[in-house]
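Have a look at the structure below, then the notes.
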Amino acid sequence: MSKPRILVNLFHPNIDNSRGNKFLSEGVLDLPGVTFRNLYQEYPDFKINVKYEQQLLLDHDLIVFQHPFYWYSCPSLLKEWEDRVLEQGFAYPPGVGDKLNGKHWLTVITTGGPEVAYRSGGFNNYTISELLRPFQQTANLCGMKWLPPIVVHSVLPKGIEGFKNISDDEIKKHAKDYREFLKECVMQ
Numbered sequence: 000m001s002k003p004r005i006l007v008n009l010f011h012p013n014i015d016n017s018r019g020n021k022f023l024s025e026g027v028l029d030l031p032g033v034t035f036r037n038l039y040q041e042y043p044d045f046k047i048n049v050k051y052e053q054q055l056l057l058d059h060d061l062i063v064f065q066h067p068f069y070w071y072s073c074p075s076l077l078k079e080w081e082d083r084v085l086e087q088g089f090a091y092p093p094g095v096g097d098k099l100n101g102k103h104w105l106t107v108i109t110t111g112g113p114e115v116a117y118r119s120g121g122f123n124n125y126t127i128s129e130l131l132r133p134f135q136q137t138a139n140l141c142g143m144k145w146l147p148p149i150v151v152h153s154v155l156p157k158g159i160e161g162f163k164n165i166s167d168d169e170i171k172k173h174a175k176d177y178r179e180f181l182k183e184c185v186m187q
């Protein structure tokens, strides 16, 4: 049995001003067995090479979608990528577009708000699990296995006041855990 091949697709429109995603990315960039891509660098014009992206999906077993959690969703390039790459006949419907069947989907996100804000009756009214349902259902439709997401809360760019931010050291700890998780996947 061959080792799992991991594709990390980073979707961050301004990674240079990021705290969380920057540290998370740096933690896995050089990991053997991992193909790391910054899609905003690849496609600044949003002109996605659909066939190339589909081939990358076929060549990997674990697909990681790493991004900030914007407006209870994702940056716009990820939505465009989903709309174009996960096309009918390739990714769905079952029995016809089953090219991703059995692959794994992992969402890795950062949020600006604290974990306590993501609960029933909390500031955001819903849990992260509830808010990620559209991604989970996309994975389900594509026949992919949804893995529990990795979520780093309370990560805002420096200079934004009003919320408690976690420290850079805390983010680096999350980045180390993320790296270890992917390393374990590669070692299987």
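Just so it is clear: in the sequence shown, position 21 is 20 by numbering that gives the first Met the number 0, and no numbers are missing.
From the three backbone atoms N, C-alpha and C, an ideal C-beta is built for every residue, glycine too.
query                                                                                                      : result
Local conformation of F134 per DSSP, three classes                                                         : helix
Outcome for L57 when other beta-carbon atoms lying within 10 angstroms are tallied against a minimum of 16 : exposed
Separation of F122 from E81, as counted between CA atoms                                                   : 29 angstroms
Cβ-based neighbour list, R4, same chain, cut-off 8 angstroms, excluding 5 preceding and 5 following        : G32, T34, D58, H59, D60, L61
Among C184, Q187, E169, nearest to L23 - alpha-carbon criterion                                            : E169
DSSP three-state assignment for K144, whether helix, strand or coil                                        : strand
From V185, Q54, L30, G111, residue whose alpha carbon lies closest to that of N164                         : G111
Delimiting residues of the beta strand (DSSP E) encompassing I47                                           : From DSSP, I47 is part of no beta strand (DSSP E); its letter is neither H nor E.
F89 vs Q54 beta-carbon contact at 7 angstroms                                                              : no
Same chain, Cβ closer than 7 angstroms to T106, five either side skipped, listed in chain order            : F64, L131, F134, P148
M0 classed as buried or exposed, judged by whether at least 16 other C-beta atoms fall within 10 angstroms : Caution applies to M0, whose pLDDT of 39 falls short of 50 and renders its modelled position unreliable; the value that the coordinates give is listed next. Exposed, by the Cβ-count rule.
Nearest-angstrom Cβ-Cβ length linking P67 and I108, presumed shorter than 8 angstroms                      : 7 angstroms
Span of the alpha helix (DSSP H) around L99                                                                : Per DSSP, L99 belongs to no alpha helix (DSSP H) and is neither H nor E.
8 angstroms contact criterion, which Y39 and P12 should meet: CB distance rounded                          : 5 angstroms
Beta-carbon proximity of V49 to V84, cut-off 7 angstroms                                                   : yes
DSSP beta-bridge partners of Y91                                                                           : Q87
Reference L146, options G120, H103, T137, C184, closest by Cα                                              : H103
Where Y117 sits in the DSSP three-state scheme                                                             : coil
Assigned secondary structure, F22 (DSSP; H/G/I helix, E/B strand, else coil)                               : helix
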